[in-house]
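*Asks:*
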C-alpha cells in the first residue's frame, strides 16, 4: 500500500488539519468529536443543513461546507459511519435557532447514527435520507438503495434554499422533492485500498469492470469485460432513465462524477457521450457538473447522476456558493 | 489498459467535445486544428493570454480558459506538444488588438512550436517560458528545467492582470516576475499509461517512489523506498526552499497539487504538513491552492509549488475568475 499518510489511525485527523489550514476563510474544524463547520456559524435565523458519512469520499462532505451549502459535516473514519455524538456536536455548533436538517445517505450505520442524534438533540432536528443509486436494492451496508452522487446536488440545492431564507418545513419539502427526482449509477475499473485495511477492497481482472459499484466498493449488478466508452456510458445511463423514468421533454441536471482515480480527459469524454444520448432522447440538459465530487479514494471509475429539475431547483442550484470544492457567484 | 475511451486516436477530440458541452457558458472548442477559447473571444482592447501543451494534464490548460485567465489553450495529443498551426489559429481567434502573450512550459517541442507560431503570427505576439521544476536540469524532452505546477499560478495572475487592463508590456513583465519567483517539485507513487502507448510509462516497485518526477513521467532525482508523509513532504519542500531561496518573513502562495490519482484525503494531509513546516521557518502562507490542477493522467503522486508573492501578484490572484476548473468572484 503506497499512500501519502503517516499512520492509518491518524489519516482523518491529519487530513482535517490540512483542510482547515487551506480553507480558513470558509470553514473550521473541531476534533473529538470531529466536525467541519462554517467559519461564520451559527448563522442566526437560518435553517442549518448538516451532512456527513464515512471519510474517503472527498470532497464530499467536508469540501461542501460553507456559504450556500452545508453548515457542518461529520466525517467518520474511512468508509465508516460518523458517531451520534459527532452529529449532536455539529447540531449544537451550527444551530441558528431556525431548525436543523440532517442529510443522510442510505447506509444502515449512517441512518441509525444520524437518527439517534436527531432523537437526543434539542430543538427541531429533522432527517432526510437519500437513496439515489439505481444499481441494486439491499447491498453490503444497506437496506434499500444506496445514497451516492445525488447527495452533492441535494446539498447544493437545499443549502442554497436555506441560505436564501427558506424555513425548515420548506427546506425539508424541497429536500424530499430532490430525493424523489434524482437517480445515479456507477462503474469501477479498479478497486481502492482503505488505509486501515491495507489491501484492495475487491479484485477486478485486468480486462474486467464492475457495473453498478457502490462508493465503498460494494458489489454492483455485474462484472463484465471492459468495453468502449460508447457502450459503457449507455450501460450506466439506461438504467437511470428507465427507473424514474426520465422522458422526452424532461429538463435535467447531468452530473458526471469521477470515483477519484479517473483522469478528467476520460471523464469529459464520457460526459460528452451522455450529453449526446440525452439529446437523442429529447431530454434537455439545463445544468452540468463534471468532476471528482463523490469519490472512493483512488478508485478508477465514474458515475452518472440525473436530476429532473424544475425552476425552484434551478434557482437554488444557481445561487451563490462558497465551499472548498464548489464555488460560484461569490 | 482499462480506460473510459473508445479509441486512443480520438481521445482528445472526444474529450474536447465533452468539455465544450459541459461549459458552453465559459468556452468554445474548434477542431482542425484544436483550440479551446473563451466563449466571448476576442475581447477587444484586452491583451490575449494563450497557453497549451500536451493533453493528459487536465484541467490544465483547457479547464483554465475563461474570464480572468486564459483566452485560449492549444491541446496537443496526450503528452505531445501542440503544433504551430494550433497556436496560430488560437492567436487569430482571440487577438483583441492589444497583443498576445504565449505562456509556454519549458519542453523542447513546446518552446519550438510556440516560438515558430509567434514568428509567423501577425501583430505583437510575445512568448514567456516557465521552468519552475527544481528537480532536475536537462531531462527527457527538456533543455534546462521543466515547467510544471507554477504554470497554473502564472496563468491566473497574468490572466487576471490582462483582464484588469494591463498592456502587453506590463503583462509580460508581470509574467517574468512570477516565473522568477516560483519553484516546484513532485513525486510519483505510481506510473500512468498514455492511451496510444497502452503500457505504463515506467515501473515502480510496490514499495518504491520517485522523487522529482516530471509530469510526463520523466526521470526525477531518485527512486527511494516509500516513506511516511512526514518525511515525504519535507523531501519535496526542502529543495524548493533552498533553490530560490525562500526565507523567514517571505510571503508565499502554497500550491499542493495532485498528479491525478491521489485521493484528496491524502492531499490535504500533505498540505497540512507543508503549512506546518513553512510556519516553523517563519514563511507566511498568504494564499493556498489544493487539488488536482496539473495532472499526469491517473498517476498517484503530488507536487508542491511555492510562489513568493507581492501585493501586485495577490491583487491579480484574488481577481475574479470563471473557468471550468477555477472560479471565484463571479
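Chains as they are written, first to last, in this note's numbering: chain B, 23 to 352; chain W, 23 to 352.
Don't be surprised by glycine CBs; every beta carbon is placed ideally from N, CA and C.
This one's a predicted model, so the numbers in the text were calculated from it and none came from an experiment.
(1) When the Cα atoms are used, what is the spatial distance from residue 239(B) to residue 208(B)?
(2) To which residues of the same chain is residue 87(B) closer than 8 Å at the C-beta, ignoring the five residues directly before and after it?
(3) Per DSSP, what are the beta-bridge partners of residue 215(W) in this structure?
(4) In whole angstroms, what separates the C-alpha of residue 318(B) from that of residue 282(B)?
(5) Measuring CB to CB, does residue 126(W) end up less than 7 Å from residue 149(W)?
(6) Name, please, each residue of chain W whose Cβ falls closer than 8 Å to the Cβ of residue 317(B).
(7) Applying a beta-carbon distance threshold of less than 7 Å, which residues of chain W neighbour residue 310(B)?
(8) Is it buried or exposed, residue 71(W), if we count other Cβ atoms within 10 angstroms and call 16 or more buried?
(9) Tell me, to the nearest whole angstrom, how far the beta carbon of residue 121(W) is from that of residue 66(W); I am working on the premise that it is less than 8 Å.
(10) Tell me which residues share the same chain as residue 324(W) and place their Cβ nearer than 7 Å to its Cβ, disregarding the 5 neighbours each side in the sequence.
(11) Which residue from 264(W), 168(W), 304(W), 200(W) puts its Cα closest to that of residue 334(W)?
(12) Output, in sequence order along the chain, the residues in the segment 289-301 of chain B whose CB is closer than 7 Å to any CB in chain W.
(13) So which residues on chain B does residue 350(W) lean against when the C-beta distance must stay under 9 Å?
(14) When DSSP builds the beta bridges, which residues end up paired with residue 167(W)?
(15) Say whether chain B places a C-beta atom closer than 7 Å to the C-beta of residue 81(W).
(16) Please confirm if residue 39(W) has its CB atom under 7 Å from at least one CB of chain B.
(17) Does the beta carbon of residue 218(W) sit closer than 7 Å to a beta carbon anywhere in chain B?
(18) Going along the chain, which residues of the segment 238-264 of chain B sit with their C-beta nearer than 7 Å to a C-beta in chain W?
(19) When you compare the CB of residue 199(B) with every CB in chain W, is at least one pair closer than 7 Å?
(20) Measuring only the C-alpha atoms, how far is residue 68(B) from residue 193(B)?
(21) Using a Cβ cut-off of 7 Å (strictly closer), state whether residue 141(B) contacts chain W.
(22) Give me the chain W residues within the contact set of residue 114(B), using Cβ-Cβ distance strictly less than 9 Å, ordered along the chain.
(23) Quick one: using the 10 Å Cβ neighbour count with 16 as the cut-off for buried, is residue 301(B) buried or exposed?
(24) Comparing C-alpha positions only, which one of 90(W), 91(W), 104(W), 55(W) sits nearest to residue 75(W)?
(25) Assess contact between the segment 171-186 of chain B and the segment 125-141 of chain B, defined as three or more Cβ pairs (one per stretch) separated by less than 8 Å. Is contact present?
(26) Is residue 275(W) close to chain B? Criterion is C-beta to C-beta, closer than 7 Å.
(27) With three or more beta-carbon pairs closer than 8 Å as the criterion, would you say the segment 229-245 of chain W touches the segment 130-140 of chain W?
(28) Check distances from the C-beta atoms of the segment 93-125 of chain B to those of chain W and list, in chain order, the residues that come in under 7 Å.
(29) For residue 157(B), which residues of its own chain have a beta-carbon under 6 Å away from its beta-carbon, when the five flanking residues on both sides are left out?
(30) Quick check: does the Cβ of residue 201(B) come within less than 6 Å of any heavy atom belonging to the ligand FMN?
(31) Of all the residues that make up the segment 24-35 of chain W, which are near chain B by a beta-carbon distance shorter than 7 Å?
(32) Is any beta-carbon of chain W found at less than 7 Å from that of residue 90(B)?
(33) Pull out every residue of the segment 55-82 of chain B whose Cβ sits closer than 8 Å to any Cβ of chain W, in chain order.
(34) Could you work out which residues of chain B lie near residue 211(W), taking near to mean beta carbons separated by less than 7 Å?
(35) Going by CA-CA distance only, name the one from 320(W), 129(W), 185(W) that's closest to residue 221(W).
(36) Contact defined as beta carbons within less than 8 Å: I believe residue 97(W) pairs with residue 218(W). What is the distance between those atoms, to the nearest angstrom?
*Replies:* So, from the listed chains and residues:
(1) 10 Å
(2) Shown here for residue 87(B): same chain residues with a beta carbon closer than 8 Å to its own, the five before and five after excluded, namely 48, 49, 58, 59, 60, 93, 94, 95, 345, 346 in chain order.
(3) Paired residues: 222(W).
(4) Computed Cα separation, rounded: 6 Å.
(5) Contact flag set, yes.
(6) 285, 286
(7) 44
(8) buried
(9) Their Cβ separation, rounded to whole angstroms, is 13 Å, which puts residue 121(W) and residue 66(W) out of contact at 8 Å.
(10) 208, 209, 278, 279, 280, 281, 284, 289, 292
(11) 200(W)
(12) Within the segment 289-301 of chain B, the residues whose Cβ lies closer than 7 Å to some Cβ of chain W are 290, 291, 292, 293, 294, 297, listed in chain order.
(13) 344, 349, 350, 352
(14) The beta-bridge partner set that DSSP reports for residue 167(W) is empty.
(15) yes
(16) yes
(17) Output row for residue 218(W): interface = no.
(18) Taking 7 Å as the upper bound on Cβ-Cβ separation, chain W lies near residues 248, 250, 251, 252, 254 of the segment 238-264 of chain B.
(19) no
(20) 11 Å
(21) no
(22) Under the 9 Å cutoff, chain W gives no residues; its nearest Cβ is about 25 Å from residue 114(B).
(23) exposed
(24) Per the C-alpha coordinates, the member of 90(W), 91(W), 104(W), 55(W) positioned closest to residue 75(W) is 104(W).
(25) yes
(26) For residue 275(W), the answer is no, since every Cβ of chain B falls outside 7 Å of its Cβ.
(27) no
(28) none
(29) 207, 234, 242, 243
(30) Ligands are entirely absent from the displayed structure, and the ligand FMN is therefore not among its contents.
(31) 24, 25, 26, 27, 28, 33
(32) no
(33) 77, 78, 80, 81
(34) 24
(35) Nearest C-alpha to residue 221(W): 320(W).
(36) Actually they are not in contact, since the Cβ atoms of residue 97(W) and residue 218(W) sit about 14 Å apart, beyond 8 Å.
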